[in-house]
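Numbering of the sequence shown is given in UniProt numbering, commencing with residue 1 and proceeding in unit increments. Below: the structure, in structure tokens.
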Amino acid sequence: MTDPAPAGLSPAGVAARFAALGLIEAVIARDLPLDEAVDQSAALPRLEPRDRAFAHALAAAAIRSWGFLHAVVDRCLDRPGGHLPDRLRAILALGAAQLLILKVPPHAAVGATVQLVDGGLARLKGLANAVLRRLDREGGTITAGLDRALLSTPDWLFQGWVAAYGAETAAAIAAAHQLEPPLDLTLKPGLDRADWAARLGAEVLPTGSLRLAGSGRVTDLPGYAEGAWWVQDAAAALPARLFGDVAGARVIDLCAAPGGKTAQLAAAGAVVTAVDQARGRVERLNENLARLGLAAETVVADVAAWRPADKVPFVLLDAPCSATGTLRRNPDIALHRGVEDTRALARIQGKLLRAAIDMLAPGGTLVFCTCSIEPREGPGVIETALGAGAPLRRAPIRPDEVPGLAAAINPAGDLRTLPSLWPERGGLDGFFASRLVRV
Numbered sequence: 001m002t003d004p005a006p007a008g009l010s011p012a013g014v015a016a017r018f019a020a021l022g023l024i025e026a027v028i029a030r031d032l033p034l035d036e037a038v039d040q041s042a043a044l045p046r047l048e049p050r051d052r053a054f055a056h057a058l059a060a061a062a063i064r065s066w067g068f069l070h071a072v073v074d075r076c077l078d079r080p081g082g083h084l085p086d087r088l089r090a091i092l093a094l095g096a097a098q099l100l101i102l103k104v105p106p107h108a109a110v111g112a113t114v115q116l117v118d119g120g121l122a123r124l125k126g127l128a129n130a131v132l133r134r135l136d137r138e139g140g141t142i143t144a145g146l147d148r149a150l151l152s153t154p155d156w157l158f159q160g161w162v163a164a165y166g167a168e169t170a171a172a173i174a175a176a177h178q179l180e181p182p183l184d185l186t187l188k189p190g191l192d193r194a195d196w197a198a199r200l201g202a203e204v205l206p207t208g209s210l211r212l213a214g215s216g217r218v219t220d221l222p223g224y225a226e227g228a229w230w231v232q233d234a235a236a237a238l239p240a241r242l243f244g245d246v247a248g249a250r251v252i253d254l255c256a257a258p259g260g261k262t263a264q265l266a267a268a269g270a271v272v273t274a275v276d277q278a279r280g281r282v283e284r285l286n287e288n289l290a291r292l293g294l295a296a297e298t299v300v301a302d303v304a305a306w307r308p309a310d311k312v313p314f315v316l317l318d319a320p321c322s323a324t325g326t327l328r329r330n331p332d333i334a335l336h337r338g339v340e341d342t343r344a345l346a347r348i349q350g351k352l353l354r355a356a357i358d359m360l361a362p363g364g365t366l367v368f369c370t371c372s373i374e375p376r377e378g379p380g381v382i383e384t385a386l387g388a389g390a391p392l393r394r395a396p397i398r399p400d401e402v403p404g405l406a407a408a409i410n411p412a413g414d415l416r417t418l419p420s421l422w423p424e425r426g427g428l429d430g431f432f433a434s435r436l437v438r439v
């Protein structure tokens, strides 16, 4: 990706906004995930760490509230802005995000953003200035009656949540996705949790994860260099714990990268084989294990086709999914996914589940999980498999295994966390997990 700077680009503030605009255009115009856009950006590395963090936060805020921001901008125009060039619409959304969501001082938000209207768009600089200054003056009036969460959630997603969880919970999920998520860490076993919480300024969650409210560079936090912890949402840390004691036992972790669950299992003393088909992601997994001082065998292979030499007592399958439970961390998903994706992914999950069963020894335990909150993907796949006679039975999850989340255990005994849970603590990712025993 190339990011040629517009003429007259001034340092710091404008440069950060220019980098944010590049991220937005990569996500919107090129359909890149935000994380990939960050990795490919040529503008971000040229910024100081503080400005780099601001650019990323600004892009994420704009993408997270894309529908709402365009509705707001349209209210500032004589006619809806669909006739405007895409780049200008992105710039206006970026400016609106600063004023309405991040609460950036207006002189900086308007002045620096308008400088991005350059080159072939220069003739529209006055329009951009007028729109943003009006938003500064009349923002409360302009946004009155607009539901930010609903406007920023695709209808197919919202209606699916209404059908699955009810209108009230669907609205709470959509609202939770509009909030910047906290940073959760999993501490290596044997370390003093209270001591590390004090060092990091973190809250100890009921499930044992450490939660930090502030943002900043992860690599600058105490304990990163020495491998005392790794980044992992509190919900994502639950599935690997459902095996119980795995010390000395063989565990296969399927679709393992980037390796949070692999690290959990290895830290618990398991003999882990981590399998993923993406070589780059496995390399990242190996880097993470090296930093943490943990060991696991890693394999680059198609999970559906690969088989171990011998069947094992434990298999963890974190199946590929639409990841709609992580929208607050990956807001681009709402713009890139559709209902057909969930159908295709459910078929893939069923195929991988059959492969996982084939790796499992009689009496062995399989934990199947996804970070999707679409019923077709997790629960639907399990019900289809059991209904078709798969050699499995559920081993229901107990409340004491997921402290503070008893309400997340459904009547079948599976785990279903939602972003709307724990609102007083900052929420958590949406996850589904089912524990099954081979019969």
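The C-beta atom is built at its ideal place from N, Cα and C for all residues, glycine as well.
Counting only the Cα atoms, Leu-405 lies some 30 Å from Val-312. Less than 8 Å divides the Cβ of Pro-331 from the Cβ of Leu-34. When secondary structure is reduced to three states using DSSP, Thr-384 falls in the helix class. Its Cα nearest to that of Leu-210, the residue Asp-233 stands out among Val-218, Gly-190, Asp-233. Secondary structure at Ile-252: strand, using DSSP grouped into helix, strand and coil.
Between Leu-345 and Ile-357, the beta carbon gap of about 19 Å keeps them out of contact (Cβ cut-off 8 Å). By the beta-carbon neighbour count (other beta carbons within 10 angstroms, threshold 16), Thr-219 is exposed. Ile-409 carries a strand assignment under DSSP once its states are collapsed to helix, strand and coil.
Between the stretch 265-275 and the stretch 192-202, the count of C-beta pairs closer than 8 Å stays below three; the two stretches do not touch.
Its chain contains Trp-156 as the residues whose beta carbon lies nearer than 7 Å to that of Val-339, once the 5 sequence neighbours on both sides are disregarded; these appear in chain order. At the C-beta level, Arg-89 and His-70 come within 8 Å of one another. Taking C-alpha positions only, Asp-147 is separated from Val-72 by approximately 11 Å. Contact between the stretch 114-123 and the stretch 139-153 is absent, with fewer than three C-beta pairs closer than 8 Å. Under the three-state reduction of DSSP output, Arg-328 falls in the coil class, being neither helix nor strand. Annotation: the continuous alpha helix (DSSP H) that includes Leu-200 extends over 193-200.
DSSP, read as helix, strand or coil, puts Ala-361 in strand. Using a Cβ distance threshold of 8 Å, Ala-433 and Leu-238 count as a contacting pair.
With 16 or more other Cβ atoms from the protein chains shown falling within 10 Å of its own Cβ, Arg-17 counts as buried. Rounded to the nearest whole angstrom, the CA to CA distance from Leu-386 to Gly-67 is 40 Å.
Here DSSP, grouped into helix, strand and coil, assigns Glu-297 to strand.
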